[in-house]
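So for the sequence shown, the UniProt record's numbering puts the first residue at 1; every next one is plus one.
From the three backbone atoms N, C-alpha and C, an ideal C-beta is built for every residue, glycine too.
Keep in mind it's a predicted model, so treat the numbers as computed, not measured.
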Amino acid sequence: MTTAAGLWQHPFVNIFKLCDIDHWKNVARDGEVQLMLDKTIGKKVYRIWGNIPAANHIQLPKSKGESLGLTGRFVYAQIKPTPSQFFMLHFDLLTADKATIRVSVSNLFRSKPIPKERGSSVQLPWEPTQSRWYVLVLDLQRILDEYCQPPEMFETLKAIQICSCITVRNLYTSDKHFTAQTLSREMALSASRDAPLAEFHWLPLEPRATAESTSQATRAPLGLHTQSNMMLTAPRDVQPAKEGPSHQPLPHPEISPPENPVHRYAVTRHTAPPLHTSMQIIEPQAPPEAKPPPARKASKVGRITEKDLENLICTQGAGVGLPAPPPSCIVPDPVMELHHMIGYSGEENGKLIWVPNSRELVFPSMNTIIAMDTHNGKQRFFFGHTTSVTGLAVDAAGKLMVSAQEGKTALVRVWSIATQESLSIMCAHHEGMGVVDISPDGKRVAAVGMDSAKRQTIAVWDISGISDKDGRAVLMTTHTTEFHIKCIRWSPYEEDKFLTCGRDSIRFYRLHRGKLAG
């Protein structure tokens with residue numbers, strides 16, 4: 001998780017650029033260090049040569065008393081070793097206990113390291129078989145887990161020393177698990193994704209948890225939650241099953257949202273064989289004065305599971321805005337009524353918003369949006385998202401609210417704040433939904449996420465017609481960007497302009513004739 005202090009390090013840090021190696025400002029060099037042009041990749045590289053590794057090296061940072069302070073778990077080193085020559089790489093790590101541990105990688109080492117108690121060094125053997133470019137990836141946390149006893153918690157990368165004989169292009173740190181196909185353009189040695197020039201090698205091993213498995217793990221509890229909101233409905237006349245070979249098994253009961261008043265049926269299971277006599281459905285006799293529980297007030301949004309959202313994106317196409325389902329398909333009436341929630345998902349900035357012309361604050365708590373009266377603490381809830389809410393914005397009049405959710409069912413919802421009604425569902429991204437904003441006049445929405453090729457994309461919708469009957473949001477344009485946008489805001493003075501803040505950039509955009517000009 002990226003903290004506010006380490007936000008500048010996301011999604012990755014170019015270490016050579018950070019230390020300004022072109023001017024050797026915060027880099028120390030000793031011995032045979034030569035800047036040259038590599039013909040294979042067509043880029044500048046640093047060749048470190050010499051028989052004694054300790055006397056021929058590059059050290060970052062320049063002073064041994066300083067620290068790089070890099071928090072990224074993975075180190076991506078673009079190197080070209082020579083199998084007939086020895087090389088050495090040193091990485092000084094600071095643990096949570098403020099202990100310094102040196103991780104060394106070399107073809108001098110012949111055996112795997114043995115976990116040591118309170119050791120100050122870890123030696124990892126690696127013998128490349130070819131003289132070619134490699135992307136050597138070190139999982140720093142896993143190294144500390146496997147080779148330190150007891151396991152240490154990685155905090156920061158303090159220093160790096162690259163010793164002869166080796167050629168190095170660059171080094172990066174990141175919290176993201178990149179592959180040859182998902183590397184950003186700046187990190188890639190080659191512009192071609194089909195035939196990369198570098199071979200990936202992981203130390204100690206590549207993490208098994210991929211984005212897909214993480215998404216499925218996150219999705220599992222949501223599926224259980226959806227099933228818990230469903231009730232079994234059964235026919236009123238149920239005949240007992242007869243024993244015998246000619247018996248046909250009972251059909252499975254249908255699963256559907258309940259209708260008010262709520263009818264509940266007790267299901268009694270017996271373990272005695274045979275199986276076809278193991279279930280009976282009995283309708284209890286309610287006393288004459290019994291009344292159904294009062295319906296709770298809920299946001300007027302249909303039950304849409306994550307699987308439904310995937311089908312919706314595939315069948316309707318990217319960018320389509322859908323009107324909200326009819327209010328009859330609301331979350332079913334439970335035995336208990338939600339009165340108050342304690343929790344705030346504040347990992348990212350900008351998700352705690354005052355509603356203009358009211359006394360309410362809106363903020364997300366996981367996949368639920370809460371509107372809270374600041375005078376009496378009373379809360380209203382907006383239900384409809386299936387994963388965590390990553391973006392939130394309110395128009396200048398305090399009438400409309402837009403919200404975005406993360407995951408592979410990335411989408412944007414438009415809400416009526418007064419009625420808690422979901423007015424439209426908009427899909428234009430494949431995953432990685434980041435930030436969203438609504439124009440002050442409430443007519444346009446801009447959102448940032450990833451497309452199917454994992455490129456960051458800005459999408460702009462026209463939502464001026466969603467209040468009409470069967471109104472839909474219209475996708476106006478999409479625009480690919482490489483600046484890792486973390487914030488987007490519409491201009492309060494010019495309705496067709498907005499700005500974005502990203503990595504090393506603040507960019508202004510103008511929406512003109514259905515296209516974005518930056």
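8 angstroms Cβ cutoff met for residue i and residue j
{"i": "residue 27", "j": "residue 60", "result": "yes"}
{"i": "residue 435", "j": "residue 497", "result": "no"}
{"i": "residue 109", "j": "residue 165", "result": "no"}
{"i": "residue 158", "j": "residue 63", "result": "no"}
{"i": "residue 135", "j": "residue 72", "result": "no"}
{"i": "residue 169", "j": "residue 45", "result": "yes"}
{"i": "residue 406", "j": "residue 433", "result": "yes"}
{"i": "residue 37", "j": "residue 133", "result": "no"}
{"i": "residue 466", "j": "residue 423", "result": "yes"}
{"i": "residue 429", "j": "residue 459", "result": "yes"}
{"i": "residue 204", "j": "residue 97", "result": "no"}
{"i": "residue 412", "j": "residue 448", "result": "no"}
{"i": "residue 15", "j": "residue 91", "result": "no"}
{"i": "residue 443", "j": "residue 477", "result": "no"}
Close beta carbons around residue i, own chain, < 6 angstroms, minus the five adjacent residues each side
{"i": "residue 152", "result": "95, 144"}
{"i": "residue 492", "result": "440"}
{"i": "residue 114", "result": "none"}
{"i": "residue 223", "result": "Summary for residue 223: the model assigns pLDDT 37, below 50, so the residue's position carries little reliability; its value from the coordinates is reported in the next sentence. So no residue of the chain qualifies."}
{"i": "residue 480", "result": "455, 457"}
{"i": "residue 500", "result": "485, 488, 507"}
{"i": "residue 31", "result": "50, 55, 56"}
{"i": "residue 210", "result": "Legend: pLDDT at residue 210 = 47, less than 50; position of this residue unreliable, value from coordinates given subsequently. Around residue 210: no qualifying Cβ."}
{"i": "residue 77", "result": "136, 171"}
{"i": "residue 474", "result": "462"}
{"i": "residue 517", "result": "510"}
{"i": "residue 40", "result": "none"}
{"i": "residue 85", "result": "165"}
Residue i - containing alpha helix (DSSP H), residue span
{"i": "residue 142", "result": "140 to 147"}
{"i": "residue 508", "result": "Here residue 508 belongs to no alpha helix (DSSP H); instead the beta strand (DSSP E) covers 505 to 512."}
{"i": "residue 17", "result": "15 to 18"}
N- and C-terminal bounds of the beta strand (DSSP E) containing residue i
{"i": "residue 48", "result": "43 to 49"}
{"i": "residue 86", "result": "Premise fails: residue 86 is in no beta strand (DSSP E) and is neither H nor E."}
{"i": "residue 518", "result": "Where residue 518 is concerned, there is no enclosing beta strand (DSSP E), given that its DSSP letter is neither H nor E."}
{"i": "residue 199", "result": "199 to 203"}
{"i": "residue 521", "result": "A question about residue 521 goes unanswered here, because the residues of the chain that appear run from 1 up to 518."}
{"i": "residue 73", "result": "Neither: residue 73 is in no beta strand (DSSP E) and is coded neither H nor E."}
{"i": "residue 30", "result": "28 to 30"}
{"i": "residue 497", "result": "497 to 502"}
{"i": "residue 102", "result": "100 to 106"}
{"i": "residue 125", "result": "121 to 125"}
{"i": "residue 154", "result": "154 to 163"}
{"i": "residue 488", "result": "487 to 490"}
{"i": "residue 461", "result": "456 to 462"}
{"i": "residue 7", "result": "From DSSP, residue 7 is part of no beta strand (DSSP E); its letter is neither H nor E."}
{"i": "residue 58", "result": "57 to 60"}
{"i": "residue 480", "result": "474 to 481"}
{"i": "residue 449", "result": "444 to 450"}
Proximal residues to residue i (C-beta, below 7 angstroms), its chain only, five neighbours per side dropped
{"i": "residue 162", "result": "48, 57, 58, 89, 168"}
{"i": "residue 571", "result": "For residue 571 there is no data in the structure shown, the boundaries of the chain being 1 and 518."}
Same chain only: Cβ atoms within 8 angstroms of residue i, ignoring 5 sequence neighbours per side
{"i": "residue 374", "result": "359, 360, 361"}
{"i": "residue 341", "result": "365, 368, 370, 379, 381"}
{"i": "residue 29", "result": "57, 58, 59"}
Open item on the list: When you compare the stretch 382 to 390 with the stretch 345 to 364, are there three or more beta-carbon pairs, one atom per stretch, that lie closer than 8 angstroms?
Closed with: yes
Jot down the residue ranges of each uninterrupted beta strand (DSSP E) in the stretch 346 to 423, minimum 3 residues, whole runs only, in chain order.
360 to 365, 368 to 373, 379 to 382, 389 to 394, 400 to 405, 411 to 416
> Are there three or more Cβ pairs, one per stretch, closer than 8 angstroms when the stretch 86 to 103 is compared with the stretch 179 to 192?
Replying inline: no
Note to self: Three or more C-beta pairs under 8 angstroms: does that hold for the stretch 47 to 59 against the stretch 118 to 131?
What the structure shows: no
**Item:** Given 8 angstroms, three or more beta-carbon pairs between the stretch 395 to 408 and the stretch 353 to 361
**Value:** yes
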